[in-house]
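Counting along the sequence shown from 1, when you hit position 21 you're at 20 in numbering that gives the first Met the number 0, and nothing is skipped either side. We treat Cβ as the ideally placed atom computed from N, Cα and C, and that holds for glycine.
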Amino acid sequence: MYRSLREFVDAGLLNCFQLDGRTVYELDYGYPPHDHLYCTRCRKLIEFRSEELIATRDEAAAKHGFRVSGHRMLVSGVCRECGKNRRKKRKQDLV
0 MYRSLREFVD
10 AGLLNCFQLD
20 GRTVYELDYG
30 YPPHDHLYCT
40 RCRKLIEFRS
50 EELIATRDEA
60 AAKHGFRVSG
70 HRMLVSGVCR
80 ECGKNRRKKR
90 KQDLV
């Protein structure tokens, strides 16, 4: 199975990256460009697309005479659900 995944990556059908010691695979071919938010507590990976981010990337590339072929951005933090759970625990600790 892993050999097949590697072949799909080599063919440009899948994209792979390392995250906390694990390999993450996602569709690449025909899938719109996007970036990720990563919750360091529950390990949830959330996809997002930002036109402002793409515009900033393209502006920086143009300023430096750079031709963009793609980019990857991973923002680490705590998701809404894990943040709510933490706040609930804090309130209970105060009682």
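- If you draw a straight line from the Cα of L12 to the Cα of Y24, it is about 10 Å long.
- Counting along the chain, the unbroken alpha helix (DSSP H) around R56 starts and ends at 50 to 62.
- A direct Cα-to-Cα measurement between I53 and R85 gives close to 33 Å.
- Straight across, the Cα-Cα distance linking F16 with V8 is about 11 Å.
- With a cutoff of 9 Å on beta-carbon distance, R71 and D19 are scored as not near each other.
- For V8, the enclosing alpha helix (DSSP H) stretches over residues 1 to 9.
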